[in-house]
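Report on one structure; see the data block that follows.
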Amino acid sequence: MPFTEMGVGIITSRERSAWVFLKPLTPELWLTTAAFFVLTGIIVWLIEKPENTEFQGTWSKQIGVIFWFGFSTLVYAHREKLKHNLSRFVVIVWVFAVLILTTSYTATLTSMMTVQQMRFNSNKNHVGRLLGSRIAMAAFASSGLQVLMSMKGLNSSKEYANLLLNKTATLVVDELPYLKVLIGENPEKFFLVNTQCITNGFGFMFQKGDELVPKVSREISNLRTNGKLNELANGWLEIQLPYTADDTSNPITLDRFRGVFMITGVSSAFALGVLLIHWLRDRWEYVVNLVNIFLLQRLVHLRNLFAKLIYLISPLADPIDEDTFQIAQRNIQ
1 MPFTEMGVGI
11 ITSRERSAWV
21 FLKPLTPELW
31 LTTAAFFVLT
41 GIIVWLIEKP
51 ENTEFQGTWS
61 KQIGVIFWFG
71 FSTLVYAHRE
81 KLKHNLSRFV
91 VIVWVFAVLI
101 LTTSYTATLT
111 SMMTVQQMRF
121 NSNKNHVGRL
131 LGSRIAMAAF
141 ASSGLQVLMS
151 MKGLNSSKEY
161 ANLLLNKTAT
171 LVVDELPYLK
181 VLIGENPEKF
191 FLVNTQCITN
201 GFGFMFQKGD
211 ELVPKVSREI
221 SNLRTNGKLN
231 ELANGWLEIQ
241 LPYTADDTSN
251 PITLDRFRGV
261 FMITGVSSAF
271 ALGVLLIHWL
281 RDRWEYVVNL
291 VNIFLLQRLV
301 HLRNLFAKLI
311 YLISPLADPI
321 DEDTFQIAQR
331 NIQ
């Protein structure tokens with residue numbers, strides 16, 4: 001009976017990146033979020049500007065207030081007091097959307113920093129294996145990676161670590177007991193990508209008919225049942241493998257937050273519509289006068305054109321003196 005875990009696995013080095021905080025969101029989602037921050041600031045500014053002195057002043061100050069108010073909602077640090085219920089409605093909806101975004105971002109970033117997704121680099125074309133490990137060779141040969149990578153025989157776990165750390169090897173394929181030794185020696189540098197249960201683990205070999213076979217098998221079974229075998233392995237190797245690359249999270253895409261942005265956009269459009277109706281109602285007489293003046297000017301212009309056309313094409317019975325001609329021209333003009 002085997003006394004170790006069954007199967008083979010793949011180990012790779014942990015990815016170190018100074019820009020890991022950008023990875024939880026896709027570029028499309030970053031740009032859309034930034035655009036909605038600015039849009040919220042503009043809408044609140046349009047609503048508050050006529051009555052709120054904090055949104056008034058020079059153009060440079062007003063532009064600064066737009067950007068400051070929009071992006072300060074990310075940390076709920078906006079200090080400007082809102083006097084209009086319409087602007088409060090817009091901000092409440094947007095703050096709710098920001099809360100959902102920040103919560104999802106934090107959860108995804110935590111997951112990515114805890115367990116990092118393995119990314120094969122086509123420039124690194126070597127894969128390590130323990131020298132003479134036929135099982136690891138067979139497991140790796142059955143995968144679809146052999147086209148891109150070649151096998152390199154190794155003699156010890158130190159060679160494993162050196163090849164992975166200096167980027168000579170992209171990953172190491174071998175049986176789990178060997179890989180656990182490597183991770184136990186370098187828990188912060190490497191992690192287990194994937195495992196396959198295609199072997200029966202390590203066991204003891206006896207001659208056929210040896211009386212120790214049932215006794216050893218029974219003791220191994222007891223150790224495995226009461227958990228003592230795992231305790232011994234963890235105590236010897238000092239390893240912790242709570243995660244693999246399968247547990248990692250993908251970046252959050254725009255499609256997953258399309259509904260949130262749709263709700264925010266509809267609420268902003270509603271606020272702008274109500275603002276436009278209020279503006280037209282308060283200036284209705286002025287707008288009507290402007291329309292009347294415009295229509296009157298068009299009518300006068302058409303009348304003058306018609307009079308000029310009649311004057312040019314109509315036959316005249318009596319000659320027109322110079323004074324009458326000048327008066328007609330003045331009327332046309």
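The sequence shown begins at 1 in the UniProt record's numbering and counts up one residue at a time. By construction, the Cβ of each residue, glycine as well, lies at the ideal position given by its N, Cα and C atoms.
Item                                                                                                                                  : Value
Cβ pair count under 8 Å reaching 3, the stretch 88-107 against the stretch 253-266                                                    : yes
Contacting residues, own chain, Cβ-Cβ under 6 Å from residue 68 (five flanking each side not counted)                                 : none
Cβ neighbour criterion (16 or more within 10 Å) applied to residue 174                                                                : buried
Residue 216, enclosing alpha helix (DSSP H) - first and last residue                                                                  : 212-225
Buried/exposed call for residue 203, threshold 16 Cβ in 10 Å                                                                          : exposed
Cα-Cα separation, residue 126 to residue 180                                                                                          : Interpretation of residue 126 is limited by its pLDDT of 45, a score under 50 that renders its predicted location unreliable; no figure is taken from the coordinates.
The stretch 53-71 contacting the stretch 282-290, beta-carbon criterion three pairs below 8 Å                                         : no
Where residue 334 falls, given that 16 or more other Cβ within 10 Å makes a residue buried                                            : This structure cannot speak to residue 334, because the chain is shown only from 1 to 333.
For residue 191, the three-state DSSP class (helix, strand or coil)                                                                   : strand
Bridge partners - residue 12, DSSP secondary structure assignment                                                                     : 191
Contacts around residue 49, its chain only, beta-carbon distance under 7 Å, and the 5 residues preceding and following it disregarded : 55 and 56
N- and C-terminal bounds of the alpha helix (DSSP H) containing residue 185                                                           : 176-185
Rounded Cβ spacing between residue 10 and residue 182 (contact assumed at less than 8 Å)                                              : That belief does not hold up - the Cβ atoms of residue 10 and residue 182 are roughly 12 Å apart, past 8 Å.
Collapsed DSSP secondary structure at residue 172 in the structure displayed                                                          : strand
Close beta carbons around residue 13, own chain, < 7 Å, minus the five adjacent residues each side                                    : 164, 165, 189 and 190
N-terminal and C-terminal residue of the alpha helix (DSSP H) that residue 250 is part of                                             : Neither: residue 250 is in no alpha helix (DSSP H) and is coded neither H nor E.
Contacts around residue 43, its chain only, beta-carbon distance under 7 Å, and the 5 residues preceding and following it disregarded : 90, 268, 271 and 272
Check whether residue 21 and residue 71 have beta carbons under 9 Å apart                                                             : no
Outcome for residue 172 when other beta-carbon atoms lying within 10 angstroms are tallied against a minimum of 16                    : buried
Simplified DSSP assignment, three categories, for residue 25                                                                          : strand
For residue 301 and residue 307, the rounded distance between their alpha carbons                                                     : 10 Å
Local conformation of residue 80 per DSSP, three classes                                                                              : coil
Assigned exposure category for residue 73 - 16 Cβ within 10 Å defines buried                                                          : buried
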